[in-house]
Amino acid sequence: MKKTYYSVLALFLVAKLIPLSLLAQSNPVPYAYSIKAEDLKKHLTFIASDSLKGRNTGSAEQKVAANYIANHFKAVGLAPVQGSYFQKVDLVNRAWTNVAAQIKGKSYGYLSDFMAYALAPVAAGTKTPTVFAGYGVQQGAFTDFDKLKAKGAMVVVIDGEAKDQAGNYVLSGSKDPSAFGKATGWREKMKLAKAAGAIGLIVITDKDEKTFSAQLNQRQAMMKRFGNERMVLKDETQNKDAEFPVILISSAMAAQLLDTDVAALEAFKTKVSTEKKSIASKFKAGVMELKIESTESPVDTYNVVGFLEGTDKKSEVLVITAHYDHIGVSADGRINNGANDDGSGTVTVMELAEAFGKAAAEGHRPRRSILFMTVTGEEKGLLGSEYYSNHPLFPLANTVCDLNIDMVGRYDDEHIGKPDYIYEIGSDKLSSQLRAVLEEQNKKHIGLELDFKFNDPNDPNRFYYRSDHYNFAKHNIPVAFFFNGVHEDYHQPGDDIEKIEFDQVQKVGRLVFYMAWEISNREQRLPVDSNKP
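Read in order, the letters of the sequence shown are residues -24 to -1, 1 to 509 in mature numbering (1 follows the signal peptide of the UniProt record, and there is no 0).
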């Protein structure tokens, strides 16, 4: 008995001398190796089956997928959060039922004469004054909002920004537009209009009548295919200050509103381009009668969460995400199973949860806590992750990182014949150390080609802004996004399980595991000390 006592005492004293970080960081390899291609395939065979009909956000089939994921989280030892494996995401389906405009007694139809960048309810018969603000730019010599009496009015602006005779954008002085001249430039103008007290924005297209008509026809075709419903956060519909109609009109419609003609509008644009500054106009902005009516219905959908509590640093949380929704059934009745997008990421998160659950069960619980989360509504505009970032289950200030997996296990055209690669996006943008963790763990354990092509801020695909990690990054939380690129079956019925290379998904899963192991067990949390575009 005495010998046993002293042996236990010796072990206790030794354990007291060993840092918790070393105890936690027992050999991770066996747990990484528990992430297996055959298990990934087993889960994806169900998640991407025809029976789930493409897991459209809010569908009954998506709920089946949610329950499958939640049951797995429970089975591998993850805990619920606030008593549940589900975070209700408050979404509504909004349909625009009646949108029309009238100027000086002449009626204009939605998608036949004008279209919208953003819609917000406007009661029938509302007669709104308008004010003209040139290009709607407030930068350098352009002071379009100075002394503009916009309060209670809709601001009328010309799309884009002025160019000089050489075709250079006046604001940037080059072929590259400023923020006002990009496709999303209307958002910059909307911010200025809102700040000036306006109640809406009217953008005059920079396209000729034929091209603008083709654009309207294209939008009509999209409406026929996808319907006129748009899923939005319920918070957005209840915040009336956030609602702001932005419509895009033709030059002819603008001429009617401004009591002028198309030639005079073109002459105004030419003069601005020549003088390279804001200039006064003689246009007399009139009244627009606008009607925008909508219906709203609630959407029953959830983020699925499983929690693994850490040890001595348990208040700090690492989040691992993928989205489990897809686009459902096409208008022609074909099912879009979304095996790659993002069934592949979903089952990887499930396997990561099992690997960490196994480690915890064997006494190797991570120092920091880990939240495993499959989010809803990504295909509708990153809505599930946005909801989480607005209503976090754990404080964002304590969230150390998000590792996001979206579309792995297939190849794009640039990697045919050389499949051992992964695109990584975002790891260097907010933390000086996250990229180093990625490269170290990949070199030590996996050996994938790390391709940072899409991490370039000038990349036109803008993938950094197009998956759920971004809703963490915009709150200054370091992120890393793992992605194999797009392919011919992207958002098509051909995105099926037979085309997934599970050995590659396994490699990505193990790489993310090793990163998560390091991040959750290191002494210092990842610093937020970078500010890269």
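For each residue, glycine too, the CB sits at the ideal point set by N, CA and C.
| query | result |
| --- | --- |
| Pairwise C-alpha distance: A331 and P4 | 9 angstroms |
| Inside the segment 46 to 91 only - beta strand (DSSP E) runs reaching at least 3 residues | 62 to 79 and 82 to 85 |
| Exposure of E464, with buried meaning 16 or more beta-carbon neighbours within 10 Å | exposed |
| Per-residue burial, K419 [other beta carbons within 10 Å of its own, 16 or more giving buried] | exposed |
| Presumed contact (8 angstroms Cβ cut-off) between F458 and I398, rounded CB distance | 6 angstroms |
| According to DSSP, residues forming a beta bridge with M207 | N69 |
| Cβ contact (3+ pairs, closer than 8 angstroms) linking the segment 274 to 293 and the segment 63 to 70 | yes |
| Secondary structure, alpha helix (DSSP H): runs of 4+ residues fully inside the segment 397 to 447 | 410 to 417 |
| Residues near S249 by beta carbon distance below 8 angstroms, same chain, minus five either side | A138, K139, D140, Q141 and V146 |
| Where P503 falls, given that 16 or more other Cβ within 10 Å makes a residue buried | exposed |
| Close Cβ partners of F305 (< 8 angstroms) along its chain, the five nearest in sequence each way excluded | Before going on, a small fix: residue 305 reads as Val here, not Phe. Correct list, in chain order: K29, G30, N32, I311 and N312. |
| Validate contact between the segment 399 to 408 and the segment 337 to 347 using beta carbons, cut 8 angstroms, 3 pairs | no |
| Nearest-angstrom Cα separation, counted from E499 out to A(-1) | Because the pLDDT of A(-1) is 45, which lies under 50, any placement of that residue in the model is unreliable, and the number read from its coordinates should be weighed accordingly. Cα-Cα distance, rounded: 11 angstroms. |
| Sequence-distant residues of the same chain with beta carbon closer than 7 angstroms to G53, five excluded per side | G333, A336 and A337 |
| DSSP state of D382 mapped onto helix, strand, coil | coil |
| Coarse secondary structure for K125, derived from DSSP in three states | coil |
| Three CB pairs or more closer than 8 angstroms across the segment 41 to 53 and the segment 181 to 193 | no |
| Bridge-paired residues (DSSP) for D276 | D66 |
| Cut-off 8 angstroms between Cβ atoms - residues of its own chain near V(-11), not counting five sequence neighbours on either side | Residue placement at V(-11) cannot be trusted, given a pLDDT of 42 that sits under 50; what the coordinates show is reported in the next sentence. Nothing meets the Cβ criterion. |
| Paired residues, beta bridge with P330 - DSSP | Checking the sequence, you will find Glu at residue 330 rather than Pro. E330 is not bridged to any residue. |
| 8 angstroms Cβ cutoff met for V57 and F428 | no |
| Cβ neighbour criterion (16 or more within 10 Å) applied to L(-3) | Because the pLDDT of L(-3) is 44, which lies under 50, any placement of that residue in the model is unreliable, and the number read from its coordinates should be weighed accordingly. The residue in question, L(-3), is exposed, as its Cβ has fewer than 16 Cβ neighbours within 10 Å. |
| Close Cβ partners of G286 (< 6 angstroms) along its chain, the five nearest in sequence each way excluded | P342, R343, R344 and S345 |
| Alpha-carbon to alpha-carbon, N447 and S365 | 6 angstroms |
| Separation of V462 from S10, as counted between CA atoms | 28 angstroms |
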